[in-house]
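Sequential numbering from 125 applies to the sequence shown in this note's numbering. We put the beta carbon where it would ideally sit given N, CA and C, even for glycine. A short write-up of the structure that comes next.
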Amino acid sequence: MNWNNLSYKVKNKYLIAGGAFFLVIAYLLAFNKTVELYLFSKDQKAKLIHAKEAPEKRRLMEIKSNALKEKLSSYFADSLKDQGHLLEVVSIFCSKNNLLLQELPNEEFYEDKEFIIGTTKIKVEGHFTDLLKLLYLLEQKEAVGRVSSSSFDMIYDNKRKKKVLVLTMYIQTLKIKLKNNKKDDAKI
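Quick look at the structure:
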C-alpha cells in the first residue's frame with residue numbers, strides 16, 4: 125500500500141481512525157489514573173467536610189436526645205414504683221377517700237423495637253371530686269407512669285340497684301430493651 129497513491133478522503137479516514145486509537149491508548153495509559161485520582165480526591169474532600177461537621181452534629185443529636193428523654197421521663201417505669209407500688213398508692217387513696225377499687229388487672233405489655241410499653245387499666249368507683257383527686261394524684265404527684273386515657277361513666281349497679289360513677293384509667297409505662305433482647309430489669 126502506497127501512501128502517496130491514496131486519496132485525501134481515505135487519508136483522512138486513516139488519520140481519524142489513528143487519532144481515535146491514540147486517544148484510547150492515551151486514556152488507558154495516562155488519563156485513566158488521573159481521572160481515578162480526581163474522583164478519589166473529590167470523595168475524600170466530601171468526607172473531610174462531613175467529618176468537620178461531626179462534632180456539631182453530635183452536639184445537636186445529644187440536645188435532641190436529652191429533650192426526648194425529658195419528654196418521655198413521665199412514661200418510664202421506676203424499679204421501685206412498679207405494679208405493686210401502683211396498687212399500694214391507689215388502695216391507700218381509695219381507703220382514705222371512700223372509693224371502691226373495682227379493677228386493677230396485671231399490666232399488659234407491647235414490645236416495640238427499642239421499648240417495652242406496659243399498659244395498666246384501673247377502674248375505681250366513687251364520687252366525682254374524689255375520683256378527680258385520684259386522677260390528679262396519679263397524673264401529677266406519683267410517678268407511676270403516664271395516664272394516657274381516662275373516662276368517667278355512669279353505670280347501673282344491679283346488685284345495689286343504683287347508678288354509680290366509675291373512673292376508668294389507662295396508665296402506660298416505658299421500659300428500655302437491652303441489646304440482647306431481654307427485658308430491662310432496671311426499668312429505667
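Take the Cβ of residue i as the centre, count every other Cβ of all protein chains shown within 10 Å, and call the residue buried at 16 or more, exposed below.
i	result
L161	exposed
K188	exposed
L153	exposed
D167	exposed
L192	exposed
V268	buried
L262	buried
T297	buried
Please confirm whether residue i and residue j have their CB atoms less than 7 Å apart.
i	j	result
Y294	K257	no
V290	D281	no
S275	T292	yes
Sorted by chain position, which residues of the same chain lie with C-beta nearer than 7 Å to residue i's C-beta, five sequence neighbours on each side aside?
i	result
E266	V213
Got a sec? Which residues, its chain only, sit under 6 Å from residue i by beta carbon, not counting five neighbours each side?
i	result
Y234	I241
L223	V248, G250 and D254
E232	T243
C218	L225
What whole-angstrom Cβ distance do residue i and residue j have, given they're in contact under 8 Å?
i	j	result
F239	K299	7 Å
K286	I279	Going by Cβ atoms, the distance from K286 to I279 rounds to 10 Å, so no, they are not a contact pair.
Leaving out the 5 sequence neighbours to the left and right, which residues in its chain are closer than 8 Å to residue i when beta-carbon positions are compared?
i	result
P179	none
D211	Just to set this straight, residue 211 is Leu in the shown sequence, not Asp. Within the same chain, L211 has close Cβ partners L228.
N221	G250, D254, K257 and L258
Can you check DSSP and say which residues form a bridge with residue i?
i	result
T244	I295
F145	Looking at the DSSP assignment, F145 forms no beta bridge with any residue, so it has no partner.
F276	L291
R270	Q296
E227	K247
F233	G242
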